[in-house]
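In the UniProt record's numbering, the protein residues as written are 1 to 479.
Glycine residues also receive a C-beta, built at the ideal position from the N, C-alpha and C atoms.
Nothing here was measured: the structure is a model prediction, and the numbers come from that model.
Worksheet for the structure shown next.
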Amino acid sequence: MSATIIVLGATGDLTRRYLLPGIAQLVAGGQLGDDVLLVGVAQDDLDDTSFRAQVAERLEQTAGQVDAGVREAVAAGSRYVRGDVTSTETLAAALAVPATVDRHDAEEPVVLYLALPHVLFEPVVEALAGCALPPQLRVVVEKPFGEDLAGAKSLNAALARVLREEQVFRVDHFLAKQTVLNLLGLRFANRVFEPLWTSREVAAIDIVFDETVDAQERAAYYDRSGALRDMVQNHLLQMLTLIAMEEPASLDPADLSARKVEVLRAVPTMSRAEVDARTVRGRYTAGSVTGRDGSRDVAAYTDAPGVEAGRDTETHAEVVLHVETPRWHGVPFRLRTGKALERDRREVVVHFRPMPGSVFDDAAPNELRLELDPDKMFLRINVNGIGDPFDLETVELDLELPRQVPTPYGQLILAILEGDTRLSARAEEAEEAWRIVEPILAAWADGASPLREYAAGSDGPAGDDVGSDSVGASEGGDE
Ligand code: BG6
Numbered sequence: 001m002s003a004t005i006i007v008l009g010a011t012g013d014l015t016r017r018y019l020l021p022g023i024a025q026l027v028a029g030g031q032l033g034d035d036v037l038l039v040g041v042a043q044d045d046l047d048d049t050s051f052r053a054q055v056a057e058r059l060e061q062t063a064g065q066v067d068a069g070v071r072e073a074v075a076a077g078s079r080y081v082r083g084d085v086t087s088t089e090t091l092a093a094a095l096a097v098p099a100t101v102d103r104h105d106a107e108e109p110v111v112l113y114l115a116l117p118h119v120l121f122e123p124v125v126e127a128l129a130g131c132a133l134p135p136q137l138r139v140v141v142e143k144p145f146g147e148d149l150a151g152a153k154s155l156n157a158a159l160a161r162v163l164r165e166e167q168v169f170r171v172d173h174f175l176a177k178q179t180v181l182n183l184l185g186l187r188f189a190n191r192v193f194e195p196l197w198t199s200r201e202v203a204a205i206d207i208v209f210d211e212t213v214d215a216q217e218r219a220a221y222y223d224r225s226g227a228l229r230d231m232v233q234n235h236l237l238q239m240l241t242l243i244a245m246e247e248p249a250s251l252d253p254a255d256l257s258a259r260k261v262e263v264l265r266a267v268p269t270m271s272r273a274e275v276d277a278r279t280v281r282g283r284y285t286a287g288s289v290t291g292r293d294g295s296r297d298v299a300a301y302t303d304a305p306g307v308e309a310g311r312d313t314e315t316h317a318e319v320v321l322h323v324e325t326p327r328w329h330g331v332p333f334r335l336r337t338g339k340a341l342e343r344d345r346r347e348v349v350v351h352f353r354p355m356p357g358s359v360f361d362d363a364a365p366n367e368l369r370l371e372l373d374p375d376k377m378f379l380r381i382n383v384n385g386i387g388d389p390f391d392l393e394t395v396e397l398d399l400e401l402p403r404q405v406p407t408p409y410g411q412l413i414l415a416i417l418e419g420d421t422r423l424s425a426r427a428e429e430a431e432e433a434w435r436i437v438e439p440i441l442a443a444w445a446d447g448a449s450p451l452r453e454y455a456a457g458s459d460g461p462a463g464d465d466v467g468s469d470s471v472g473a474s475e476g477g478d479e
């Protein structure tokens with residue numbers, strides 16, 4: 001496939017770390033032709049030649065495993081437009097580049113990727129209104145889609161004034177993670193799981209994305225966001241929709257999205273008392289973290305450059321939600337995420353209820369654990385032990401999935417090029433997610449569930465309050 005990919009913010013971190021390697025992987029895999037036209041737009045003082053050198057150097061750093069010939073082809077074909085991304089003139093100049101290249105194909109997909117701070121999304125979209133837009137244009141925005149419900153509505157309205165909904169990709173790279181993608185197949189293609197996926201059989205579900213990485217390098221962005229906006233409003237709620245949805249009529253984008261929206265709409269808006277009882281927020285102090293590359297000392301979050309301690313930004317959030325549908329009534333969904341934690345724990349855990357009236361009194365409840373990055377599955381079951389044949393032993397069936405190629409960003413870019421919106425959130429999904437999260441932010445700003453401190457490298461603030469509504473309390477229940 002040939003394509004034009006215009007990246008606004010082409011000299012930034014998102015482009016370097018994710019978009020360039022994603023594009024290179026697709027070319028290497030043959031899903032994208034090596035005549036892909038990459039048009040970089042930024043304010044840096046570059047021209048075609050120096051931009052190509054920058055692309056080549058960055059690809060070497062971030063896509064070293066991709067064939068050198070492929071990397072060179074991507075860099076050599078790229079072009080640069082210098083200018084203000086919020087000006088109609090700059091955007092028109094970038095959109096005019098494809099017509100100037102030899103292999104120009106007026107039908108090929110044209111992607112406009114806004115690899116920009118979110119405050120620029122709306123000004124860019126407004127500037128776009130003044131350009132002649134090719135009908136096959138696809139516009140990509142990343143989270144956060146606004147800073148609150150009003151912001152998300154305003155951005156969605158701006159997008160709707162200029163583009164058709166199927167041209168808009170509110171991408172969420174978690175939707176392209178192997179284990180998250182697998183939720184649909186696992187649930188809807190396996191007779192051994194789907195009948196069990198109800199409150200009758202399931203006691204609680206955890207959706208956890210704990211990270212050892214701290215917020216230091218991105219503190220200036222992170223301090224205005226916090227864990228709830230950065231992770232829960234988008235990634236974790238998207239995961240919740242796939243875990244809790246009813247089976248869609250088909251795998252078409254509209255059917256899938258309708259099911260996702262149903263889940264979000266079934267999550268009741270929390271009252272202030274519920275925010276107190278069912279959320280925990282924390283902020284890390286100095287400590288020592290053992291991550292993938294060994295141990296390191298981490299300074300307190302409040303000492304990071306760009307952080308204003310008085311903002312009380314949370315680096316850890318835990319929220320227990322309910323999905324009020326016949327299938328899920330009474331089942332807590334515990335969403336948890338944070339930075340500078342004891343270990344990288346990225347998983348969905350389905351806690352099944354204990355066997356009622358079992359002849360064995362020591363049967364551990366079954367548990368299905370789906371780990372992300374690397375992607376693994378574990379199913380905890382009970383079998384007769386190897387000693388006394390009538391004693392139980394609890395064992396895990398495990399499966400390690402092959403490493404995902406292309407990586408999530410490669411998958412996302414491919415889906416965008418194919419016009420497939422299934423790895424994106426539709427307007428209503430983004431707005432419903434804010435409807436859930438906004439009252440929590442408002443209650444926190446008003447002092448609910450006070451911010452707790454945890455030492456970097458620890459397991460986070462003690463979540464005892466939230467726990468009472470969660471896994472421990474539900475196990476053994478028989479709602
Ligand atoms: C991003 C968040 O969207 O996802 C980060 O802004 C987080 O804070 C990241 O670390 C996690 O995703 P991944 O795929 O890099 O592990």
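- If you compare the alpha carbons of 317, 183 and 86 with that of residue 278, the shortest gap goes to 317.
- For residue 223, the shortest C-beta to heavy atom distance toward ligand 1 is 6 Å or greater.
- In the DSSP assignment, residue 210 falls outside any alpha helix (DSSP H) and within the unbroken beta strand (DSSP E) covering 202-210.
- In the structure shown, the three-state DSSP call for residue 378 is strand.
- Boundaries of the alpha helix (DSSP H) harbouring residue 241: 237-244, taken from the DSSP string.
- Within 6 Å of the C-beta of residue 361 there is not a single heavy atom belonging to ligand 1.
- Taking C-alpha positions only, residue 450 is separated from residue 351 by approximately 29 Å.
- Straight-line measurement puts the Cα of residue 259 at about 27 Å from the Cα of residue 137.
- The alpha-carbon of residue 344 is positioned some 37 Å away from that of residue 85.
- The three-state reading of DSSP puts residue 63 in coil, since its state is none of H, G, I, E or B.
- Residues of the same chain with a CB within less than 7 Å of the CB of residue 385, apart from the 5 flanking positions on each side, are 391, 392 and 393 in chain order.
- Excluding sequence positions up to five before and after residue 346, its CB lies within less than 6 Å of the CB of 209, 372 and 373, all in the same chain and listed in chain order.
- Residue 13 has its Cβ no nearer than 6 Å to any heavy atom of ligand 1.
- Residue state for residue 173 is assigned as helix, using DSSP reduced to three classes.
- Contact between residue 6 and residue 115 does not hold, since their C-beta atoms are separated by about 10 Å, which reaches or exceeds 8 Å.
- The criterion of a C-beta distance shorter than 7 Å is not satisfied by residue 47 and residue 18.
- Counting only residues of its own chain and dropping the five nearest sequence neighbours on each side, residue 187 has a CB closer than 7 Å to the CB of 193, 194 and 197.
- In the three-state scheme derived from DSSP, where H, G and I count as helix and E and B as strand, residue 114 is classed as strand.
- Judged by pairs of C-beta atoms under 8 Å, the stretch 25-33 does not touch the stretch 121-133, as fewer than three such pairs exist.
- Within the stretch 333-360, the complete beta strand (DSSP E) segments at least 3 residues long are 333-338 and 345-352, listed from N- to C-terminus.
- Ranked by Cα distance from residue 321, the options 299, 267 and 349 are led by 267.
- Boundaries of the alpha helix (DSSP H) around residue 126: 121-128.
- Look at the stretch 406-476 and you find these whole runs of alpha helix (DSSP H), each 4 residues long or longer: 408-417, 427-445, 464-467 and 471-474.
- Within 6 Å of the C-beta of residue 398 there is not a single heavy atom belonging to ligand 1.
- Judged by DSSP secondary structure, residue 273 falls outside any beta strand (DSSP E) and instead within the alpha helix (DSSP H) spanning 272-278.
- Following the DSSP letters along the chain, one finds residue 69 inside the alpha helix (DSSP H) bounded by residues 68-76.
- According to the DSSP assignment, residue 154 belongs to the alpha helix (DSSP H) that extends over 149-162.
- Taking every protein chain shown into account, the CB of residue 375 has 16 or more other CB atoms within 10 angstroms, so this residue is buried.
- Judged by beta-carbon spacing, residue 414 lies within the 7 Å limit of residue 31, meaning their Cβ atoms are closer than that value.
- Using a Cβ distance threshold of 7 Å, residue 82 and residue 35 do not count as a contacting pair.
- DSSP places residue 294 within a strand segment (E or B) once states are collapsed to three.
- Residue range 37-42 is occupied by the beta strand (DSSP E) that includes residue 40.
- Annotation for residue 230 indicates a beta carbon within 6 Å of some heavy atom of ligand 1.
- Between residue 55 and residue 75, the beta carbon gap of about 4 Å places them in contact (Cβ cut-off 8 Å).
- Here residue 455 has 285 and 287 as same chain residues with Cβ atoms under 6 Å from its own Cβ, once five neighbours each way along the sequence are excluded.
- The beta-carbon separation of residue 298 and residue 207, rounded to 25 Å, does not stay under the 8 Å limit for a contact.
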